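Protein sequences appear in the order of chains E and Z.
Under the numbering used here, the first residue of the first sequence is numbered 291, with each subsequent residue one higher.
Under the numbering used here, the first residue of the second sequence is numbered -2, with each subsequent residue one higher.
All remarks here apply to the structure that follows.
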Amino acid sequence: VTLAGWIFLIVAWSCVLGLAGYGVARTWKGD
Amino acid sequence: VSRERWATRIGLVLALAGNAIGLGNFLRFPRQAAENGGGAFMIPYFVCLLAIGIPLLWVELSIGRLGGRHGRGHTAGMFEVLWSHPISKYVGTLGLFIPYVVACYYVFVSSWCLAYAWFSLDGSYFGLGSLDEVGRFLAGYQGVEANRHFSSIAPAYGFYVVSFGLTVVILLGGIARGIERLALFAMPLLFVFAVVLMLRVLTLDPPPGAGPDQTVSNGLGFVWNPDFGAIANPQVWLAAAGQIFFTLSVGWGILHTYASYMAPDDDVALTGISTAGLNEVAEVVLGGTIALTSAVVFFGVVEARAIASQGSFDLGFHAMPLALEQMPGGRLFGALWFLLLFFAGITSSVAMLQPTIALLREDFGLARTPAVLATALLVFLGAQPVIFWIGHGFMDQLDFWAGSFGLLLFGFLEILIFTRLFGMARGWAEITRGARLRVPRVFHFVIAWVMPLGMGAILLAWSATNLLPELGLEKVPEADRPYVLAARWMLLVVLAAYWLAVHFGARARRAREPAA
């Protein structure tokens, strides 16, 4: 992987993990 | 009449995610990324997620919850609530037609995954040695040819009956005790299996005699190294929009049906975000790593590029078995891979039958068990030509017209009805009703203007490239034309049958309801 590839991978993974983590944690807390 | 309800919010989110996460997350996404600019593909991809994907989830969930308040569990009934015009229910019929048609082949394809999980454990496809031979194994299994691996279609039919039987048993349990319980069990397992597989792939050593390019790093680079020129290419944007649309399972009528079992003031905003988030983790993190990285490690970059260009089925059922048979612990990891795909499949299969069940229950007054069994019988009948004529392109026709064109058409029509005929003021009030997070006001503009124009552009561009060649039977061999025409007749007959059912169902419902 090139440096740019790593940057895209890390940013994309962080975004989707953050989105899912935020959504699921708040949903869970509401139950 | 009191409607069924989801028992928990997390159960609803997992059921919605189960419907959204399918074979496409693990097989289609990595191919799209690799072919459309690598890491740079993620720029149009995330823009489309924000501008089309998440807002459309909100719109569909809002329509569904609104329908549920009026006792409507299918889009034909819901569109009547949105737009009181006699033709609205016939437009909404697409949301019954599409899931039915796709279920006719999707349950069969899911059953291949169950079969391959079994074949991984007993090692049936191990030692085949070449992509050609793995391809013949699949063709033998499908009954397309009799060969040394399979002499008839009987094993495939057996696995289909088992998968379909499981789907029906789950649906007989209803929403909370059937679909929700399945999601609470299958979705966590799916994620565990996928993480285990991802760790296995990321720690792979190159096979003996491998070329210098066959490394995990090159596998990740194949999907992620950015080609910035791609961002200026409109085709790449179209591919990103298409991928977002197909991966979130919008435009089916299924999300509406699931949302109709929510409480009237339950939140749709956070539910939509959570569903999208889980789907994107399965797609970007897990799907982006497992299949293509293994392909690069076992076959090299050049071969992986060729495999990726051939399609999702080649990646899943040709390249993956061949990679798995060379992998240390391949039988176990093979079983995990195909069970993961089977779970992804069955959580979507149950969803595809539910709109018709809702129609039979609400409009024709059937109890749950007869409604489920009648729907199952109809899907079983519709699946027979798919199973026996799979070598003649029958399934591809259903997939093209219902599973691709139908979704884009339905998505475009529903956004027009929601924003222009139901009206943005009432629409926005529905989306924000009971919301557990503040929906930024910019989405008002996005839903009112960006989505109708964007969806229209996707539909037009997609039709321009695909519709005429398909209508002209350009890619169909002469011998297969009768089968392709038969598939088109089936589509017309099914659509007409649903229109009639919706017509008489609405009458029957009105006759039962006390006059207002």
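The C-beta atom is built at its ideal place from N, Cα and C for all residues, glycine as well.
Since the model is a prediction, treat every value here as computed from it, not as a measurement.
Local conformation of Arg358 (chain Z) per DSSP, three classes: As a working mapping, residue 358 (chain Z) is identified with position 361 in the second sequence. Here Arg358 (chain Z) carries a helix assignment [DSSP, helix/strand/coil].
Length of the line joining the Cα atoms of Val299 (chain Z) and Ala292 (chain Z): Translated into the one-based positions of the second sequence, residue 299 (chain Z) becomes position 302. Translated into the one-based positions of the second sequence, residue 292 (chain Z) becomes position 295. Looking at the backbone, the Cα of Val299 (chain Z) and that of Ala292 (chain Z) are separated by about 10 Å.
Any chain E beta carbon closer than 8 Å to Leu118 (chain Z): For the purposes of this step, residue 118 (chain Z) is taken as residue 121 along the second sequence, with counting starting at 1. Taking 8 Å as the threshold, the shortest C-beta distance from Leu118 (chain Z) to chain E does not fall below it.
Three-state secondary structure (DSSP) of Leu470 (chain Z): Locating residue 470 (chain Z) in the second sequence gives position 473, counting from the first residue. In this structure, Leu470 (chain Z) counts as coil in the three-state DSSP scheme.
Residues near Ala31 (chain Z) in its chain [Cβ-Cβ closer than 7 Å; skip 5 each side]: Walking along the second sequence from the start, residue 31 (chain Z) turns up at place 34. The answer, listed in chain order, is Phe219, Val220, Leu289, Ala305.
Cβ of Glu277 (chain Z) within 8 Å of any chain E Cβ: Taking the first residue of the second sequence as position 1, residue 277 (chain Z) is located at position 280. Yes, contact with chain E.
Extent of the continuous alpha helix (DSSP H) run through Met324 (chain Z): As a first step, residue 324 (chain Z) must be located in the second sequence, where it is residue number 327. Bounds of any alpha helix (DSSP H) do not take in Met324 (chain Z), whose DSSP letter is neither H nor E.
Contacts of Trp221 (chain Z) in chain E (Cβ-Cβ under 7 Å): Translated into the one-based positions of the second sequence, residue 221 (chain Z) becomes position 224. What Trp221 (chain Z) touches in chain E: Val291, Gly295, Phe298, Leu299.
Nearest-angstrom Cβ-Cβ length linking Thr372 (chain Z) and Thr353 (chain Z), presumed shorter than 8 Å: To locate residue 372 (chain Z), count along the second sequence from 1; it is residue 375. To locate residue 353 (chain Z), count along the second sequence from 1; it is residue 356. That pair is a contact at about 5 Å.
C-beta neighbour in chain E for Ser271 (chain Z), strict 8 Å: As a first step, residue 271 (chain Z) is located in the second sequence; it is residue number 274 there, counting from the start. So yes, Ser271 (chain Z) belongs to the interface.
Closest Cα partner of Ala266 (chain Z) within the set Z:Ala445, Z:Leu54, Z:Phe23: Position 269 of the second sequence, counted from the first residue, corresponds to residue 266 (chain Z). The shortest Cα separation from Ala266 (chain Z) among Z:Ala445, Z:Leu54, Z:Phe23 belongs to Z:Leu54.
Under 8 Å (Cβ pairs) to chain E, residues found in the segment -1 to 32 of chain Z: Only Thr5, Arg6, Ile7, Val10 from the segment -1 to 32 of chain Z bring a Cβ to less than 8 Å from some Cβ of chain E.
Test: Val293 (chain Z) CB closer than 8 Å to a CB of chain E: Here the question's residue 293 (chain Z) lines up with position 296 in the second sequence. Not an interface residue.
Buried or exposed (CB count within 10 angstroms, at least 16 for buried), Arg423 (chain Z): Here residue 423 (chain Z) refers to the residue found at position 426 of the second sequence. Exposed: under 16 other Cβ atoms inside 10 Å.
Best match in Z:Gly327, Z:Gln381, Z:Arg507, Z:Ala498 for proximity to Leu118 (chain Z) [C-alpha to C-alpha]: Sequence index remark: in the second sequence, residue 118 (chain Z) carries index 121 (1-based). The option with the nearest alpha carbon to Leu118 (chain Z) is Z:Gly327.
Beta carbon of Ser108 (chain Z) nearer than 8 Å to that of Tyr157 (chain Z): Stepping through the second sequence from its first residue, residue 108 (chain Z) is reached at position 111. Stepping through the second sequence from its first residue, residue 157 (chain Z) is reached at position 160. A contact, by the Cβ cut-off of 8 Å.
Start-end ranges of the beta strand (DSSP E) lying completely within the segment 236 to 307 of chain Z, minimum 3 residues: Along the segment 236 to 307 of chain Z, the beta strand (DSSP E) does not occur as any fully enclosed run of 3 or more residues.
Chain E contacts from the segment 200 to 228 of chain Z (Cβ-Cβ distance under 7 Å): Listed in sequence order: Ser214, Leu217, Gly218, Trp221, Asn222, Pro223.
Glu427 (chain Z) - DSSP class collapsed to helix/strand/coil: Counting from 1 along the second sequence, the entry for residue 427 (chain Z) is found at position 430. The answer is helix: DSSP assigns Glu427 (chain Z) an H, G or I state.
DSSP state of Glu142 (chain Z) mapped onto helix, strand, coil: Counting from one through the second sequence, the residue named residue 142 (chain Z) turns up at place 145. Here Glu142 (chain Z) sits in coil by DSSP.
Whole-Å CB distance - Ala445 (chain Z) paired with Met421 (chain Z), under 8 Å assumed: Residue numbering aside, residue 445 (chain Z) sits at position 448 when the second sequence is read from its first letter. Residue numbering aside, residue 421 (chain Z) sits at position 424 when the second sequence is read from its first letter. With 8 Å as the limit, Ala445 (chain Z) and Met421 (chain Z) qualify as a contact, their Cβ atoms being about 5 Å apart.
Arg178 (chain Z): first and last residue of the uninterrupted alpha helix (DSSP H) it sits in: Residue 178 (chain Z) sits at position 181 when you count from the first residue of the second sequence. Unbroken alpha helix (DSSP H) run through Arg178 (chain Z): 178 to 199.
Backbone secondary structure at Gly538 (chain Z) - three-state DSSP: Since the displayed chain Z opens at -2 and closes at 513, residue 538 (chain Z) lies outside it and no answer follows.
Chain E contact for Val439 (chain Z) (CB, 8 Å cutoff): Here the question's residue 439 (chain Z) lines up with position 442 in the second sequence. With 8 Å as the cut-off, Val439 (chain Z) does not count as an interface residue toward chain E.
Option in Z:Ala17, Z:Ala191, Z:Val104 with minimal Cα separation from Leu329 (chain Z): Taking the second sequence and counting its residues from 1, one reaches residue 329 (chain Z) at position 332. Cα-wise, what sits closest to Leu329 (chain Z) is Z:Ala191.
8 Å Cβ cutoff, Met184 (chain Z) in contact with chain E: One-based indexing of the second sequence puts residue 184 (chain Z) at position 187. Cβ-Cβ to chain E under 8 Å: no for Met184 (chain Z).
Assigned secondary structure, Trp334 (chain Z) (DSSP; H/G/I helix, E/B strand, else coil): One-based indexing of the second sequence puts residue 334 (chain Z) at position 337. Under the three-state reduction of DSSP output, Trp334 (chain Z) falls in the helix class.
Same chain, Cβ closer than 6 Å to Gly216 (chain Z), five either side skipped, listed in chain order: Taking the second sequence and counting its residues from 1, one reaches residue 216 (chain Z) at position 219. Same-chain partners within the cutoff: Thr290, Val293, Val294.
Coarse secondary structure for Tyr87 (chain Z), derived from DSSP in three states: Counting from 1 along the second sequence, the entry for residue 87 (chain Z) is found at position 90. Tyr87 (chain Z): helix per DSSP, three-state reduction.
Residue-level contact to chain E via CB, Phe340 (chain Z), 8 Å cutoff: The residue given as residue 340 (chain Z) occupies position 343 in the second sequence. Not one chain E Cβ lies under 8 Å of Phe340 (chain Z).
Whole-Å CB distance - Leu24 (chain Z) paired with Leu488 (chain Z), under 8 Å assumed: Counted from its first residue, the second sequence places residue 24 (chain Z) at position 27. Counted from its first residue, the second sequence places residue 488 (chain Z) at position 491. So it is not a contact: roughly 25 Å between Cβ atoms.
Reduced DSSP category for Tyr312 (chain E) - H, G, I as helix; E, B as strand; rest coil: The count along the first sequence starts at 1 and reaches residue 312 (chain E) at position 22. In the three-state reduction of the DSSP assignment, Tyr312 (chain E) falls in the helix class, which pools H, G and I.
Candidates Z:Thr212, Z:Phe161, Z:Gly15, of which the one nearest Ile7 (chain Z) by Cα: On the second sequence, residue 7 (chain Z) is found 10 positions in, with the first residue counted as 1. Of the listed residues, the one whose Cα sits closest to Ile7 (chain Z) is Z:Gly15.
is_contact[Val281 (chain Z), chain E] using C-beta, thresh 8 Å: Counting from 1 along the second sequence, the entry for residue 281 (chain Z) is found at position 284. For Val281 (chain Z), the closest Cβ of chain E is nearer than 8 Å.
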